[in-house]
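Colleague: Mind looking over this structure? Questions follow.
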Amino acid sequence: MDLRLPDQKVLSHDVGVTGLDVARAIGPGLARAAVAVKVNDHQMDLARPIEDGGDFEVITLGSPEGLHILRHSTAHVMAQAVLDLFPGSTFAIGPPIEDGFYYDFEVNEPFTPEDLERIQQRMTEIVAEDQPFERVAMSPEEALDVFSDHKFKVEIIENVDPGEVSGGDVVTAYRNNGFIDLCRGPHLPSTGRIPAFKVLRSSGAYWRGDQDREQLQRIYGTAWASKSDLDDYLHRVEEAEKRDHRRLGTELDLYSFPPQLGSGLAVWHPKGGMLRKIVEDHSRQLHERFGFDFVFSPHIGKEDLWEASGHLDFYAEHMYPIMQYEGDPGYRVKPMNCPFHVLIYQSSQRSYRELPMRLGELGGVYRYEQSGVIHGILRARGFTQDDSHTFCAEDQIQDELKLHLDFVLTWLGDFGFDDFEAELSTRPEKAILDEEHRWDVAEKALADALEAHDVVYRVAPGEGAFYGPKIDIHIKDAIGRRWQCSTIQLDVNTPRRFGLEYIDSTNSPEVPYMIHCAKAGSLERFMGILVEHYAGAFPMWLAPVQVSIIPVADRHDEYADQVKGRLRDLGLRVEVDLSTETVSDKIRRALSQKHPAVIVVGDDDVENTTVGLRLYGEDRDTRGVPLIEASNRLAELAQRPS
RNA sequence: GCCGGAGUAGCUCAGUGGUAGAGCAAUUCACUCGUAAUGAAUAGGCCAGGGGUUCGACUCCCCUCUCCGGCUCCA
C-alpha cells in the first residue's frame, strides 16, 4: 500500500510509513483519522485519507489543523495523568484552544502548584511510553456503560446529537492503554508523537459555563510541534507580559490604583493625564468633524430616572446604592449617559427638521463591577465613555449608521488599530416582540453599514441588547484577551419607553430611532489597550513627553533651554534632563521611558547651533543636525493622523 | 460573586519561630562626562489590616481587605 501525497509523490513503507499507520488511516469508518507519515528524516507529519479515493492529504504537525490535533491529543494525555494520580476524580471536557488546550476535572481538592508538576511528570511518562491512540466506535448504550463512573461523560452521551456523529448513531471514543475518553478525533497515532508540551496553570471553571452548576478545576496546558516552538511560545508570553498596561502604567508613571480609593478606581498622574488629554482632544475634534453637538450631564440623577430607564429593573446590582437624605427622593450615580441625553431630546418639542440630532459627551460613569472581574483600567468601576446618542427618523438610519461606522473606523485607524474583530449581535430572546418591524429594520441597517464599509464581521445571534441590535468591535490586549471597545447600537425600544417623538413632515407625531455609539467605548479601557498595543512606545503625537533634551555637561544647560524653547514654540512637549548623571545614563533613562526623540547637546552643538538627534528605535544619533532642521522634522513627526 | 495563588521600602524581590535585607529609584556630596547604569554616603518598613497560638510571629492558624490567573458577568 502506498500513500500518495497531493503532488502525487508516492510514499511507501520504505520511507517510514508503518503498516499500523496505513491500517489506521484506511480502516472502515476511519475517514477522519490521522496517520503519521515520515516525510523525511526530520519531520513527522500527519496524513489523512481523502474520503473517496486512495489519495492522502498531508497535515503538517505545525499547521493550525495539526496543532489542533496535537493539542487535543495532549489534552487526553493530561486527563489520563490526572485520573492516574487522583483516583476517584472524574473529568468533563478538554478542547484545544488558541495556543493550547485545557481539561476540566472534578476532584476532591483543588490542584496545588505541586500537583501540576506531578501531572506534568506523569504526562511525560505517558508520552515516553508511546501508547497508541485507538479509535473506538460504540452505540450510545455501550458508551453509557463504559463511562458509567463519569457523570459528565454520561451527561454528554445523553445529550449527543446522533446526526453529528459520523456513521449514524455511533459514539466515538479514543482509547490508549487503560484510558478511554469520548472524542470525535482525530488524534495522533500515539502519545509518543507529542513533541513538546507544558502544563501551565489551573483555575476554577463552571460545568457547561453555568455558575449554578458544579465548579470544576480547569488545567490549562500548551503543546507545540517542537521543543523550540514551545520555547518560542513561552518567550512570546513572557514578552507580552511586559506590555501589560498595569505594569507599564507604573513604569511610565501614567496612573495608579491607590488602595485608599477602592477597587477599580484609578488616578491619572501627569504623564497619564497628558496622554488622556490628547486622546480626549482627538475625540472632541472628531466628534465635531462628524457633526456631533456637545452636551454635558451630571454624575447623579434621581432614583425615578433610573426606574423610568429600566436600569433599576435589570441592572440594580451593578449600580452603586442610593444616596438619600430623609424625605428625599434619593439619587444614584450614573452607570450610563443615555437617560440624560434622552432628557435633553425631551426638553422641547422636536421637528423632523432637527433630525438627525447627534449628542455627544465624554461622560464619567460608575458601575459596581463584581470584584473578580476588575482588571486595571480595562475593567474599572469608574470610567469615561465617549458616548453619543443620535436621534433620527427611520429613513435616516442608513446614512446615520454609515456615518457612525465611518467615525469609529477613522477613530480606530488614527490609533493604529487595524487588527480588530467586528460582531453584529442580533435580537435576544428577551427582545420586545411587538417591535418586530423595528428589529428587522435595525438588524438589516447595521449589516448594510458593515458591508458598505467592507468590514468583515461575525454574526452573534441573540447577543444583542434587550433594546436593540448592535455592532461591537473587540480589540485584543497584549496576551490576546479580547476587549469590547467601539459599539454602535440601534435602539428600537428606549425612545418609545420614554415617549420620545418628533413632528414629521405631515404634521403627525412619530417615534424616532436612537443610535448609541461609543467610539473608544471606555476611554480608560481604550487607553489601557493603547498602552499595550504600542508597548508604551507611543507614536509621537500621543507621547506625553515627545522630546527629551540631554545636555552633555552643565555648561550646556543654557543652550539646552534654548532648544527646549524653540521646540515648545512649535507645540512639542519637551523635557530637559538637568540631572548630573553621565550622558549614557541620561540616554538610558530617556529610552526606558520610551520618549520618541532624544536630543543631546554638547560643545559642538552650542558652537554650531546644532543638535544630536536620536529617534526611539534607532541605535545611534545623528550628530550635528542644524537646530532648525531638527525642530521642523520633529514638529512634522508630531502631527496628528487626521 | 466562585476556584486557586499572592501581599515585605516608591519599584523588583530575598528572608521557614529568635534584633527586617538586597538591587534599582530617592536625597546629599564628589565627578562635568557625546548615546542603554561614575563613585561614595544617607535616608527609607505597623512585613496589607484585625484576631489567635507561642516565652517570642514577617514566618503557624482564623477572619477581612487588596492584587494576580481563570470561571461567571459586562446595560
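Just remember that my numbering sits 36 ahead of the position in the first sequence, which is counted from 1. Virtual Cβ for every residue (Gly too), placed ideally from N, Cα, C. Just so you know, these numbers come straight off a predicted model, no measurement behind them.
Using the Cα positions of Pro548 and Met563, report the straight-line distance between them to the nearest angstrom.
Modeller: The straight-line gap from Cα to Cα measures roughly 33 Å.
Colleague: Who are the near neighbours of Arg659 in its chain, counting only those whose CB is closer than 7 Å to its CB and skipping five residues on each side?
Modeller: Answer for Arg659: Gly648, listed in chain order.
Colleague: Since Ser678 and Tyr538 should fall inside the 8 Å C-beta cutoff, what is the C-beta to C-beta distance between them, to a whole number of angstroms?
Modeller: That belief does not hold up - the Cβ atoms of Ser678 and Tyr538 are roughly 33 Å apart, past 8 Å.
Colleague: Name, in chain order, the residues that DSSP records as bridge partners for Ser238.
Modeller: Ile255, per the DSSP bridge assignment.
Colleague: Taking just the CA atoms, how far does Leu398 sit from Thr420?
Modeller: Thr420 and Leu398: Cα-Cα distance of roughly 6 Å.
Colleague: Kindly confirm or deny that the segment 631 to 649 and the segment 581 to 597 touch, where touching means at least three C-beta pairs closer than 8 Å.
Modeller: Touching, yes.
Colleague: Expressed to the nearest angstrom, what Euclidean distance is found between the alpha-carbon atoms of Glu101 and Ile380?
Modeller: Whole-angstrom Cα-Cα distance: 54 Å.
Colleague: In the DSSP assignment, the alpha helix (DSSP H) including Leu152 goes from what residue to what residue?
Modeller: From DSSP, the alpha helix (DSSP H) with Leu152 extends over 149 to 165.
Colleague: Do you know offhand how far Leu482's Cα is from Leu526's?
Modeller: Rounded to the nearest angstrom, the two C-alpha atoms are 8 Å apart.
Colleague: Is it true that the CB of Ile565 sits closer than 8 Å to the CB of Ile507?
Modeller: For Ile507 and Ile565, no; Cβs fall outside 8 Å.
Colleague: By how many angstroms is the C-alpha of Leu578 removed from the C-alpha of Leu311?
Modeller: Each residue's Cα considered, the two are about 6 Å apart.
Colleague: Looking at Cys521: is its Cβ nearer than 8 Å to the Cβ of Gly572?
Modeller: Not in contact: Cys521 and Gly572 (Cβ atoms no closer than 8 Å).
Colleague: Between which two residues does the beta strand (DSSP E) carrying Tyr570 extend?
Modeller: No beta strand (DSSP E) holds Tyr570; DSSP gives it neither H nor E.
Colleague: Count Cβ pairs between the segment 258 to 265 and the segment 182 to 192 that sit closer than 8 Å; are there 3 or more?
Modeller: No, they do not touch.
Colleague: Rounded to whole angstroms, what is the Cα-Cα separation between Thr616 and Gly607?
Modeller: If you take the alpha carbons of Thr616 and Gly607, they lie about 27 Å apart.
Colleague: In whole angstroms, what separates the C-alpha of Gln167 from that of Glu274?
Modeller: Rounded to the nearest angstrom, the two C-alpha atoms are 33 Å apart.
Colleague: Kindly indicate which residue of Tyr404, Asp640, Gln434, Gly308 has the alpha-carbon position closest to the one of Ile358.
Modeller: The candidate whose alpha carbon is nearest that of Ile358 is Tyr404.
Colleague: Note down the Cα distance separating Phe502 from Ser384, rounded to an integer number of angstroms.
Modeller: Rounded to whole angstroms, Phe502 to Ser384 spans 27 Å at the Cα level.
Colleague: If you run the structure through DSSP and keep just helix, strand and coil, what is Cys553?
Modeller: Of the three classes helix, strand and coil, the one that applies to Cys553 here is strand, per DSSP.
Colleague: Measure the C-alpha to C-alpha separation of Gly366 and Trp243 and round it to an integer number of angstroms.
Modeller: The alpha-carbon atoms of Gly366 and Trp243 are separated by roughly 41 Å.
Colleague: At the level of alpha carbons, what is the spacing between Asp621 and Arg656?
Modeller: Using only the alpha carbons, I get a separation of about 15 Å.
Colleague: Output yes or no for whether 8 Å exceeds the beta carbon distance between Ser109 and Ile230.
Modeller: Cβ distance < 8 Å, so Ser109 and Ile230 count as in contact.
Colleague: Would DSSP call Ile586 helix, strand or coil?
Modeller: Three-state DSSP puts Ile586 in a strand.
Colleague: What residues in its chain sit with their C-beta under 6 Å from that of Ser299, if we drop five residues either side in the sequence?
Modeller: Contacts found: Ile410.
Colleague: Using a Cβ-Cβ cutoff of less than 6 Å, which residues in the same chain neighbour Ala496 once the five nearest sequence positions on both sides are dropped?
Modeller: Taken in chain order, the residues that qualify are Glu459, Ser461.
Colleague: Taking its Cβ as the centre, do 16 or more other Cβ atoms sit within 10 Å of Ala179, making it buried, or is it exposed?
Modeller: Classification of Ala179: buried, given that the 10 Å Cβ count is 16 or more.
Colleague: Among Glu287, Asn195, Ser226, whose alpha-carbon lies nearest the alpha-carbon of Val567?
Modeller: If we check each option's Cα against that of Val567, Glu287 comes out closest.
Colleague: Please state if the CB of Val206 and the CB of Ser239 are separated by a distance shorter than 8 Å.
Modeller: Not a contact, by the Cβ cut-off of 8 Å.
Colleague: Does DSSP classify Cys374 as helix, strand or coil?
Modeller: It is helical.
Colleague: Using three-state DSSP, classify Ala626 as helix, strand or coil.
Modeller: Ala626: helix per DSSP, three-state reduction.
Colleague: State the Cα-Cα distance for the pair Arg676 and Tyr493, rounded to the nearest angstrom.
Modeller: In a straight line, the C-alpha of Arg676 is about 29 Å away from that of Tyr493.
Colleague: Please confirm whether Phe147 and Leu322 have their CB atoms less than 8 Å apart.
Modeller: Contact: no.
Colleague: If we count the other Cβ atoms within 10 Å of its Cβ and call it buried at 16 or more, is Glu479 buried or exposed?
Modeller: It counts as buried.
Colleague: Suppose contacts are defined by Cβ-Cβ distances below 8 Å. Is Ala128 in contact with Leu252 by that definition?
Modeller: Contact flag set, yes.
Colleague: In whole angstroms, what separates the C-alpha of Asn76 from that of Ser226?
Modeller: Only weak support exists for where Asn76 lies, its pLDDT of 36 falling under 50; the value from the coordinates is given anyway. About 19 Å.
Colleague: Could you tell me the distance, in whole angstroms, from the CA atom of Arg320 to the CA atom of Lys438?
Modeller: So the alpha carbons of these two residues sit roughly 19 Å apart.
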